[in-house]
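Peer 1:
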Amino acid sequence: MIRLLFAALLLTLGACATAKDDVAKIPTLLPVAIDRTTGTTCGLYSQASTQSEMLAMVDEGAKVQVLDSANAHFVRARMSKDGKTLTGFMYKACLGK
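If you use my numbering, the sequence shown corresponds to residues 28 to 124, in order.
1) Would you report the Cα separation of LYS119 and THR68, rounded to the nearest angstrom?
2) Going by CA-CA distance only, name the one from GLY115, PHE116 and ASP62 that's closest to GLY88.
3) Below 8 Å on the Cβ atoms is my contact criterion, and I expect LEU82 with SER76 to pass it. Report the Cβ-Cβ distance as a whole number of Å.
4) Using beta-carbon positions only, say whether LEU71 and VAL93 come within less than 7 Å of one another.
5) Could you tell me which of THR64, MET106 and PHE116 sits nearest to GLN78, measuring between CA atoms?
6) May I have the straight-line CA-CA distance separating PHE101 from LYS108, to the nearest angstrom?
7) On the DSSP bridge list, what partners appear for LYS111?
8) What do you get for VAL91, buried or exposed, if any count of 16 or more other CB atoms within 10 angstroms of its CB means buried?
9) Which residues share a DSSP beta bridge with VAL93?
As structure tokens, this is what we get:
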């Protein structure tokens, strides 16, 4: 009985070690910035909320890089303004089609 339990434990540990090695082989995907043009004037905020600090006003037709669009209403965007690179959040609706 003890031998069976010990054998089952060894098999379980072996399966866990194999699964751990397989997970280590999965490559990590880096986020890719997508260039977009704004369709309207809107704000670039420090957080995904209009109640947070406004970093800049983004003019209509400005080029931005969308870094993440997982939020329902905002995208994480990067832009250059007055020689500075700013990263923040803006409404998805501000992006042109």
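Ideal Cβ positions, reconstructed from N, Cα and C, are used throughout, including at glycine.
Peer 2: Reading off the structure:
1) 12 Å
2) ASP62
3) With 8 Å as the limit, LEU82 and SER76 do not qualify as a contact, their Cβ atoms being about 13 Å apart.
4) no
5) PHE116
6) 20 Å
7) LYS108
8) buried
9) ILE61 and ALA104
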